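Note sheet for the following structure.
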Ligand SMILES: Nc1nc2c(ncn2[C@@H]2O[C@H](COP(=O)(O)OP(=O)(O)O)[C@@H](O)[C@H]2O)c(=O)[nH]1
Ligand SMILES: [Mg+2]
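Chains as they are written, first to last, in the numbering used here: chain A, 1 to 301; chain B, 1 to 415.
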């Protein structure tokens, strides 16, 4: 038993405070879990918020079917260890039933299709609060997000009419049919997340560390050639490179970066010195300047 | 690492977004891809300079209209410190978003266009900074390049603000005046060659020196209980942990505490954070506390040290900043959220509207409109345990929620 003085770090303390507000103010919260480093960090924070009790809400993964296999293995092991419920809803089901249409061609991605599956799942389970790992430093539309962000039945974000959020008081009152998206690590930067993973010795999927992979280059970005999911032209040459991933979204829209960072210490160093932003490797944001804002208006995470 | 939260304020077009973009640029915080996007957009729009507001105006409507509508939180760090800057809107109709950005700030930068001097929004924002009791306020006199870097202009504005400050009730504020050009970069990060008459620091230098510890929050210990943790497992069969964040002061094992509002007393048995126990926890920490005795504690209750009790009452006087299109009127009912505690509140009196140019009050008005600030009295459906805002920010503030729309319609500062 350590009997010292504790000063919980401001960002960690804030996130834990937010988790506890969610559980106190909502009846059916859920944590949206992608298997990426941000949602893994959320899980650790949720554990801390309610310890020694278990995390008092399920995790939900909206599976595009295009995930890195490493992420899925990791996910299943984590929920097993924590003893929490995992809900998986598949984008593939909506494609098979013809409810949504899959993009084809060079930049085809299932990223946008997740929204539909997410909204269905929210309705199916009656979730009133969906906790996500979005951060304000990721993207400039996200920089405008509240911590409790109210959405209507269509999941829409009314960005010009957000509730004032003063001090740390969080107003979770909603009408029937509305739900709230909650962002406990809003104020963290990418470097904060990586430093926390290092400090807490949190395990993360192996694709975040440098490894050899068959890749090809398009538009100055490096894509995985290992898998049929990423569309590749005949003439795009496959070369084995030492790479890692900075975000693990859908494989079809997540590019790799050249890296020698084989462990967490090196990753933190690399992020600290990086001159490219994290979402710089996400082709879904490059579609247009307002890509993220448009997706959010339609109910995206 | 320490985080310093800074809010910006000032009228439309005074250069807030440009200043933040300039800071990001000069501290090399803009990554290559973001910088390229700004260069490209600036070119497309036919500018011969970089339009840094493109870095922060993240909404389509904002870029279309060239204005800031909602707060953007911008993150950057220097070797010594991390910063969060809130880029806030200048339009009067978006004042509530400015209050949102400023409420959590430890320091604030009020921009003034050197050509226009002190205008109505400057008064209002300076007033709100005082109402919030923000400790460090920088008056950034911007666009000095457009007034030939004139010392007289700068001094005139400085004099006017100092006069306003002399009329403010809050005397603990540190005011710093800096002449700069956000667009050209004078005195933002690098010292200007155009203003030899200015001997002071650059803006960044000044911000780097500020204390990231929120000394404003130093006061008596308040521990509002957010939720009770009961694992109901064999190992923790009788465990009842009170989860919350500590405000004001520290808590130590053995402290004699009172549970409010019931006033039952007990002693702190343990302080837990995750899987460890601690002897003492500092303010600002989200922890879990157990007590020696099996007393009744639930969400909304507050643990305090026996010798440091706040006011417990079913009525309170406050200054309120109104944030809703539907005006506040006496005798209306709202939900009140005081920290993590909820109650119902009825406006028993609307005493006055406070003029934000420090020129006095309007007595007995019939209503308080959007963006107006006034003094009210509230009757509460249950007793709340509160402090005056000047003694404890978190335990001295509240929000009002409209029961019909569920919107947050006002923020109150308890007298
Ligand atoms: N000449 C000059 N123009 C400036 C300066 N700072 C901002 N501006 C211009 O003033 C206009 C408004 O700036 P913006 O940052 O959008 O103002 P905001 O409304 O306060 O965010 C833009 O056209 C800027 O380029 C400055 O120091 N000098
Ligand atoms: Mg602006």
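We put the CB at the ideal spot given by N, CA and C, even for glycine.
Since the structure is predicted, the reported quantities are computational estimates derived from the model, not experimental observations.
With 8 Å set as the bound, which would you pick, yes or no: does the beta-carbon of residue i sit closer than that to a beta-carbon of chain B?
i                      : result
residue 136 of chain A : yes
residue 96 of chain A  : no
residue 10 of chain A  : yes
residue 6 of chain A   : yes
residue 205 of chain A : no
residue 152 of chain A : no
residue 175 of chain A : yes
residue 13 of chain A  : yes
residue 50 of chain A  : yes
residue 1 of chain A   : In this predicted model, residue 1 of chain A has a pLDDT of only 49, less than 50, meaning its place in the structure is not dependable; the value taken from the coordinates is given anyway. Yes, residue 1 of chain A lies at the interface with chain B (some Cβ there is under 8 Å from its Cβ).
residue 163 of chain A : yes
residue 179 of chain A : no
residue 117 of chain A : no
residue 20 of chain A  : yes
residue 270 of chain A : no
residue 189 of chain A : yes
residue 169 of chain A : yes
residue 40 of chain A  : no
residue 141 of chain A : yes
Any heavy atom of ligand 2 within a distance shorter than 7 Å of the CB on residue i?
i                     : result
residue 42 of chain B : no
My assumption, with CB atoms under 8 Å, is that residue i sits in contact with residue j. Please give the rounded CB distance.
i                      : j                      : result
residue 121 of chain A : residue 62 of chain A  : 7 Å
residue 6 of chain B   : residue 166 of chain A : That belief does not hold up - the Cβ atoms of residue 6 of chain B and residue 166 of chain A are roughly 16 Å apart, past 8 Å.
residue 6 of chain A   : residue 223 of chain B : 14 Å between Cβ atoms; not a contact.
residue 248 of chain B : residue 221 of chain B : 5 Å
residue 21 of chain B  : residue 53 of chain B  : 6 Å
residue 34 of chain B  : residue 169 of chain A : Actually they are not in contact, since the Cβ atoms of residue 34 of chain B and residue 169 of chain A sit about 32 Å apart, beyond 8 Å.
residue 204 of chain B : residue 181 of chain B : About 14 Å separates the two Cβ atoms, so there is no contact after all.
8 Å is my cut-off, CB to CB: does residue i come that close to chain A?
i                      : result
residue 21 of chain B  : no
residue 59 of chain B  : yes
residue 386 of chain B : no
residue 251 of chain B : no
residue 411 of chain B : yes
residue 53 of chain B  : no
residue 257 of chain B : no
residue 287 of chain B : yes
residue 284 of chain B : yes
residue 206 of chain B : no
residue 310 of chain B : no
residue 121 of chain B : no
Return yes when the C-beta of residue i is under 7 Å from any heavy atom of ligand 1, and no when it is not.
i                      : result
residue 12 of chain B  : yes
residue 145 of chain B : yes
residue 184 of chain B : yes
residue 111 of chain B : yes
residue 70 of chain B  : no
residue 360 of chain B : no
residue 142 of chain B : yes
residue 190 of chain B : no
residue 90 of chain B  : yes
residue 53 of chain B  : yes
residue 181 of chain B : yes
residue 117 of chain B : no
residue 66 of chain B  : yes
From what residue to what residue does the alpha helix (DSSP H) around residue i run?
i                      : result
residue 45 of chain A  : 37 to 50
residue 288 of chain B : Segment 286 to 291 is the beta strand (DSSP E) holding residue 288 of chain B; no alpha helix (DSSP H) there.
residue 220 of chain B : That residue, residue 220 of chain B, is in no alpha helix (DSSP H); it is neither H nor E in DSSP.
residue 191 of chain A : 190 to 200
residue 337 of chain A : Any question about residue 337 of chain A goes unanswered here, given that chain A covers just 1 to 301.
residue 32 of chain B  : 32 to 44
residue 73 of chain B  : That residue, residue 73 of chain B, is in no alpha helix (DSSP H); its beta strand (DSSP E) goes 72 to 78.
Beta strand (DSSP E) containing residue i: first to last residue?
i                      : result
residue 140 of chain B : 136 to 142
residue 74 of chain A  : Premise fails: residue 74 of chain A lies in the alpha helix (DSSP H), 69 to 82, not in any beta strand (DSSP E).
residue 181 of chain A : 179 to 182
residue 341 of chain B : 341 to 354
residue 412 of chain B : 408 to 414
How would you list, in chain order, the residues of chain D whose beta-carbon sits under 7 Å from the beta-carbon of residue i?
i                      : result
residue 225 of chain A : Considering every chain present, this structure includes no chain D. Its protein chains are A and B.
**OP:** Would you list the residues whose beta-carbon is nearer than 5 Å to any heavy atom of ligand 2, in the order they occur in the chain?
**Re:** Listed by chain position, these are B:16, B:17 and B:68.
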